[in-house]
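Visitor:
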Amino acid sequence: MNSNTYTVTTGHQLIIFTGPLYLIYKVITTINLAKKINEENSRVKVVPLFWMASEDHDFAEINHINLLQKTIIWNVENHVQGAVGRINITHNIQKTIEEVKFILGSSENALRLISIIEDAYLKNNTLAEATRYLLHQLFHDEGLIILDADNHDLKKIFANIIEQDILTKQSFYYMNEIIRQMHTHYKVQAKSREINFFYLLDNYRVLIVTDGDKYKTKDEKYTFTKEELQKEIQSFPERFSPNVIIRPLYQEFLLPNLAYIGGPHELAYWFELRSMFESYKVNFPMLVLRKNALIIDDNTFELMKEFHISISDIFLPIDELITSFVTKHSNDDISLKEEIGLIEQSFTQILDKCKNIDPLLQDPIRTEKSKMLKILNHLEKKLLKTKKKTFNTEIEHLRKIKENLFPAENSQERYDNFMNFYLRKGDRFIPDLINALEPLSKTYTICDSDFVDPRWPMGIQNTMQLFDYIYNRDFRMRGYSLFQALVSICALAKVSIDNALIDFKSTTFISKNLLSEKTFAAQMNASIDLYTTSLAYTFSRSFGIIRDTTQGNGLVSGTLSSITFRLTAINNTNTNQSIGTINPRYKTYDNDRCSCHDSATCKEQAYVYTPDNTKVRVYKVPGLVIGCYGFEAMLQSNLLCFYNQTCVDGLRVAINFSNIFTTSALDPSKLIYFNVNSTVGNIMEKMMIEQWTSSIFYANYYNKCRPIYCQYTIIKKNDIIYIVTTLIAIIGGLTSALQIFVPCFVILLRKFILKWWQHRRTRVGIVS
15 MNSNTYTVTT
25 GHQLIIFTGP
35 LYLIYKVITT
45 INLAKKINEE
55 NSRVKVVPLF
65 WMASEDHDFA
75 EINHINLLQK
85 TIIWNVENHV
95 QGAVGRINIT
105 HNIQKTIEEV
115 KFILGSSENA
125 LRLISIIEDA
135 YLKNNTLAEA
145 TRYLLHQLFH
155 DEGLIILDAD
165 NHDLKKIFAN
175 IIEQDILTKQ
185 SFYYMNEIIR
195 QMHTHYKVQA
205 KSREINFFYL
215 LDNYRVLIVT
225 DGDKYKTKDE
235 KYTFTKEELQ
245 KEIQSFPERF
255 SPNVIIRPLY
265 QEFLLPNLAY
275 IGGPHELAYW
285 FELRSMFESY
295 KVNFPMLVLR
305 KNALIIDDNT
315 FELMKEFHIS
325 ISDIFLPIDE
335 LITSFVTKHS
345 NDDISLKEEI
355 GLIEQSFTQI
365 LDKCKNIDPL
375 LQDPIRTEKS
385 KMLKILNHLE
395 KKLLKTKKKT
405 FNTEIEHLRK
415 IKENLFPAEN
425 SQERYDNFMN
435 FYLRKGDRFI
445 PDLINALEPL
455 SKTYTICDSD
465 FVDPRWPMGI
475 QNTMQLFDYI
485 YNRDFRMRGY
495 SLFQALVSIC
505 ALAKVSIDNA
515 LIDFKSTTFI
525 SKNLLSEKTF
535 AAQMNASIDL
545 YTTSLAYTFS
555 RSFGIIRDTT
565 QGNGLVSGTL
575 SSITFRLTAI
585 NNTNTNQSIG
595 TINPRYKTYD
605 NDRCSCHDSA
615 TCKEQAYVYT
625 PDNTKVRVYK
635 VPGLVIGCYG
645 FEAMLQSNLL
655 CFYNQTCVDG
665 LRVAINFSNI
675 FTTSALDPSK
685 LIYFNVNSTV
695 GNIMEKMMIE
705 QWTSSIFYAN
715 YYNKCRPIYC
725 QYTIIKKNDI
735 IYIVTTLIAI
745 IGGLTSALQI
755 FVPCFVILLR
765 KFILKWWQHR
775 RTRVGIVS
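Residues 15 to 782 (the numbering used here) are what the sequence shown spells out, left to right.
Encoded structure:
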């Protein structure tokens with residue numbers, strides 16, 4: 015490679031026929047990330063690379079797929095114990111391919127797919143070669159490099175580290191040290207061994223262990239002295255296969271790699287490896303979470319629209335989805351939540367009365383309360399069960415939707431194979447996925463951060479219960495609603511974006527004539543800009559309606575932040591008359607300069623106070639304000655504190671969380687459109703989106719709209735054919751013209767000569 019050429023890499027086991035869908039998503043995320051870097055930096059060339067885990071020996075993990083609700087298992091005659099990439103497939107895979115052909119059928123897309131599969135697995139010798147061929151066929155236009163590192167020359171480059179790690183156990187010590195520093199409840203993702211290498215031969219891969227001052231394979235088949243082991247490593251480095259701990263080091267040692275794309279569990283164990291990388295002075299790449307997707311076929315999508323099932327609804331467990339649907343569409347109110355709430359309130363009042371009279375009655379009262387609530391919950395379930403019987407048809411459709419999207423109660427990407435969807439979409443399936451899967455997140459960083467973790471609002475609520483008194487202006491009194499509002503806005507924004515993208519992608523662009531690439535791009539960009547602008551306006555306006563309703567009707571805040579009520583007693587002996595009057599008192603902010611009676615946007619700096627009547631400020635929360643309404647105050651706040659780890663840690667200490675969890679500050683370097691002083695209101699007006707990215711592919715449009723045929727004329731000059739044809743044309747034209755003019759010219763000439771001759775004879779006669 016050139017010095018300015020880099021890679022972004024993903025890797026995976028060699029599962030037959032590529033295995034579950036998420037392998038395809040890993041490759042696409044890698045391809046799109048490489049494209050994005052190339053688009054934004056012309057000084058470097060970045061290529062996508064797929065690292066084949068061809069040395070893995072767990073055959074049971076790679077020998078099966080799920081295809082159209084059937085499980086296909088590839089069995090081999092001899093038990094495979096060595097590297098799966100070396101398996102010779104020429105004699106033992108035909109039966110499995112015949113099974114695939116039978117399931118796929120004989121449609122045009124099926125025949126195309128069968129041709130690719132047969133070429134991959136019947137015209138190559140090993141599983142590694144077949145996998146390389148299949149991936150190249152699927153991603154043939156994307157410049158994907160596929161690397162098999164089970165190679166003598168590549169291992170030779172790595173031989174010194176192989177020797178060093180086996181002899182010094184360097185990776186083992188560094189991994190143990192980093193895990194020792196982890197929290198006691200941390201679950202180790204990848205366990206390091208004293209020696210993190212296997213001894214690898216054909217159909218043989220066994221862990222190397224120490225035996226006193228010698229080394230041997232775990233099955234004791236091979237034994238080496240230190241000198242013999244060193245000689246073996248330098249002479250045959252391909253016989254030493256790294257395990258899950260060293261494989262990333264081997265990969266990054268060989269490649270000029272910028273980023274590694276992996277799944278959640280995969281990246282979790284990569285995070286444990288950093289100190290080991292540093293000890294070997296090998297660059298640790300940026301870790302990027304692969305994209306995931308849920309593919310909804312047209313029939314399922316129509317069912318979802320018919321039954322008003324949203325994108326977020328389909329992720330509910332089936333029982334919750336059915337309950338939600340029946341409750342929403344039933345003409346009868348079958349919920350007993352209101353009644354249960356009243357009973358809980360009544361028992362709370364009873365407990366308060368008994369507290370001072372006979373405290374021993376409290377436990378029996380709580381027992382009776384529990385019995386009563388249990389009866390009501392059971393009754394509610396019976397009402398729901400009865401009502402479900404009137405929705406049998408609809409419930410069957412809901413079950414069908416769930417089964418289509420979550421087969422066998424698994425996530426689609428971890429169950430289905432890509433061939434399920436290639437049958438419907440054909441050659442467009444992979445390009446459409448590439449267009450759809452943006453490698454990096456579009457939403458504002460707060461929506462992907464620890465601050466929308468439910469533990470923040472719940473932690474504040476639990477902390478408040480520890481104190482007998484908290485000042486009404488204490489941030490803890492208002493913080494619960496602030497964090498809950500953040501969670502709700504982010505969740506609603508994500509659902510709105512998902513639904514909007516589905517809606518936008520279902521639209522059709524129609525043009526009367528075939529447009530040029532420049533005109534097409536201009537029109538598409540204008541359409542996208544209009545759509546995103548209107549989408550953000552609609553989102554912001556929906557909250558505007560809520561704000562207008564709240565402020566216009568003078569609604570009382572649940573935290574009494576806008577108005578309080580004071581009961582003034584009346585000295586009256588007549589029990590039939592009122593005992594007093596309730597007088598509303600509007601709150602003021604900013605040192606009494608702003609009253610909630612006049613404006614709902616009153617605000618002042620947020621502080622944490624001592625939990626007593628002294629009202630002493632103990633912590634200022636930069637950027638955050640309190641006001642008449644929690645939601646309104648949140649919109650006027652900025653998130654300056656959340657970008658500073660010291661401020662975040664200080665706020666956590668001041669709040670005095672009873673539960674322990676970590677929160678990382680936001681990274682200001684990730685901001686593109688906004689800055690650290692942007693208010694939540696400004697961010698919400700943009701639908702919490704930091705940046706929209708779009709991909710416009712003129713080739714797709716041209717292939718759809720290109721003319722079936724066309725006529726054209728090519729004018730050429732100064733070539734031999736042009737000269738000859740021109741001369742022929744001139745000669746032919748002169749011939750035709752002479753045929754007309756020559757007879758006339760001859761007649762005219764004869765008349766002229768005759769007249770001249772007669773005139774001459776006359777003159778001669780006169781002279782004579």
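The C-beta atom is built at its ideal place from N, Cα and C for all residues, glycine as well. Quantities reported herein were computed from a predicted structural model and do not represent experimental measurements.
(1) Between which two residues does the alpha helix (DSSP H) containing Ala-273 stretch?
(2) Tell me the DSSP secondary structure of Gln-184 in three-state form.
(3) Let me make sure I understand the geometry here. Which of Ser-120, Gln-27, Lys-769, Phe-755 has the alpha-carbon closest to that of Leu-437?
(4) On the three-state DSSP scale, how would you describe Ala-536?
(5) Which of helix, strand or coil does DSSP assign to Pro-34?
(6) In its own chain, which residues sit with a C-beta less than 7 Å from the C-beta of Asp-233, not counting the 5 before and 5 after it?
(7) Spatial neighbours of Ser-708 within its chain, please: CB distance less than 7 Å, with the 5 preceding and 5 following residues excluded, ordered by chain position.
(8) Could you check whether Arg-413 and Ile-323 sit closer than 8 Å to each other, using their CB atoms as the reference points?
(9) Taking a contact to mean a Cβ-Cβ separation below 8 Å, would you say Arg-253 touches Gly-277 in this structure?
(10) State whether the stretch 609 to 629 contacts the stretch 483 to 500, with contact taken as three or more CB pairs (one from each stretch) at a distance under 8 Å.
(11) Excluding five sequence neighbours on each side, which residues of the same chain lie with their C-beta closer than 6 Å to the C-beta of Leu-447?
(12) Would you mind listing the beta strand (DSSP E) stretches within the stretch 127 to 181 that are 3+ residues and don't spill past its ends, in chain order?
(13) Rounded to a whole number of angstroms, what is the C-alpha to C-alpha distance between Asn-217 and Thr-182?
(14) What are the partner residues of Asn-77, as DSSP defines its beta bridges?
(15) From this set, Tyr-39, Phe-250, Phe-321, Ala-142, which residue's C-alpha is nearest His-411's C-alpha?
(16) Would you give the residue range spanned by the alpha helix (DSSP H) that Glu-334 belongs to?
(17) Have a look at Phe-656 and Asn-165 and give me their C-alpha separation to the nearest angstrom.
(18) Looking only at C-alpha atoms, which of Leu-158, Ile-524, Glu-122, Met-318 sits nearest to Met-66?
(19) Leaving aside the five residues before and after Arg-288 along the sequence, list all residues of the same chain whose C-beta is less than 7 Å from its C-beta, in chain order.
(20) Report, in whole angstroms, the separation of the C-beta atoms of Ala-550 and Lys-700, which I expect to be a contact under 8 Å.
(21) Is any beta-carbon of chain B found at less than 8 Å from that of Gln-705?
(22) Taking its Cβ as the centre, do 16 or more other Cβ atoms sit within 10 Å of Thr-521, making it buried, or is it exposed?
(23) Per DSSP, what are the beta-bridge partners of Asp-430 in this structure?
(24) Ser-678 and Asp-464: beta carbons closer than 8 Å?
(25) In whole angstroms, give me the CA-to-CA distance for Asp-311 and Met-648.
(26) With DSSP as the reference, identify every bridge partner of His-26, one or two as the case may be.
(27) Alpha carbon to alpha carbon, how far is Ile-703 from Asn-513?
(28) Got a sec? Which residues, its chain only, sit under 7 Å from Ser-17 by beta carbon, not counting five neighbours each side?
(29) Is it buried or exposed for Phe-579, if we count other Cβ within 10 angstroms and need 16 for buried?
(30) Less than 8 Å between the beta carbons of Glu-7 and Ser-255, yes or no?
Guide: Reading it off the structure:
(1) Per DSSP, Ala-273 lies in no alpha helix (DSSP H) segment; the continuous beta strand (DSSP E) that holds it begins and ends at 271 to 276.
(2) In the displayed model, Gln-184 falls within a helix according to three-state DSSP.
(3) The candidate whose alpha carbon is nearest that of Leu-437 is Ser-120.
(4) Here Ala-536 sits in helix by DSSP.
(5) The answer is strand: DSSP assigns Pro-34 an E or B state.
(6) Excluding the 5 residues flanking it on each side, Asp-233 has same chain C-beta neighbours closer than 7 Å at Val-220, in chain order.
(7) Counting only Cβ-Cβ distances below 7 Å, and skipping sequence neighbours, we find Ile-542.
(8) No, the Cβ-Cβ distance between Ile-323 and Arg-413 is not below 8 Å.
(9) Going by C-beta atoms, Arg-253 is not nearer than 8 Å to Gly-277.
(10) Result yes; three or more Cβ-Cβ pairs closer than 8 Å.
(11) Within the same chain, Leu-447 has close Cβ partners Ile-42.
(12) Along the length of the stretch 127 to 181, whole beta strand (DSSP E) runs at least 3 residues long occupy 159 to 162, reported in chain order.
(13) Roughly 28 Å between the two C-alpha positions.
(14) Beta-bridge pairing by DSSP links Asn-77 to no other residue.
(15) Nearest in C-alpha terms to His-411, of all of Tyr-39, Phe-250, Phe-321, Ala-142, is Phe-321.
(16) Glu-334 -> alpha helix (DSSP H) spans 332 to 343.
(17) Between Phe-656 and Asn-165, the alpha-carbon positions lie close to 48 Å from each other.
(18) Per the Cα distances, Leu-158.
(19) For Arg-288, where only same-chain residues beyond five positions count, the Cβ hits under 7 Å are Phe-298.
(20) The pair is a contact, with the Cβ atoms about 6 Å apart (cut-off 8 Å).
(21) You won't find chain B in this structure, because it holds only one protein chain.
(22) Counting Cβ neighbours within 10 Å, Thr-521 comes out exposed, since fewer than 16 surround it.
(23) According to DSSP, Asp-430 bridges with Asn-80.
(24) Taking 8 Å as the cut-off, the Cβ atoms of Ser-678 and Asp-464 count as close.
(25) Roughly 40 Å separates the two Cα atoms.
(26) In the DSSP assignment, the residues bridged to His-26 are Met-66.
(27) Here the alpha carbon of Ile-703 sits roughly 15 Å from the alpha carbon of Asn-513.
(28) If we look at Ser-17 and ignore the five residues flanking it on each side, it has no Cβ neighbours.
(29) Sixteen is the threshold: since fewer than 16 other Cβ atoms of the shown chains lie within 10 Å of the Cβ of Phe-579, the residue is exposed.
(30) Residue coverage of the chain in this structure runs from 15 to 782, which leaves residue 7 outside it and unanswerable.
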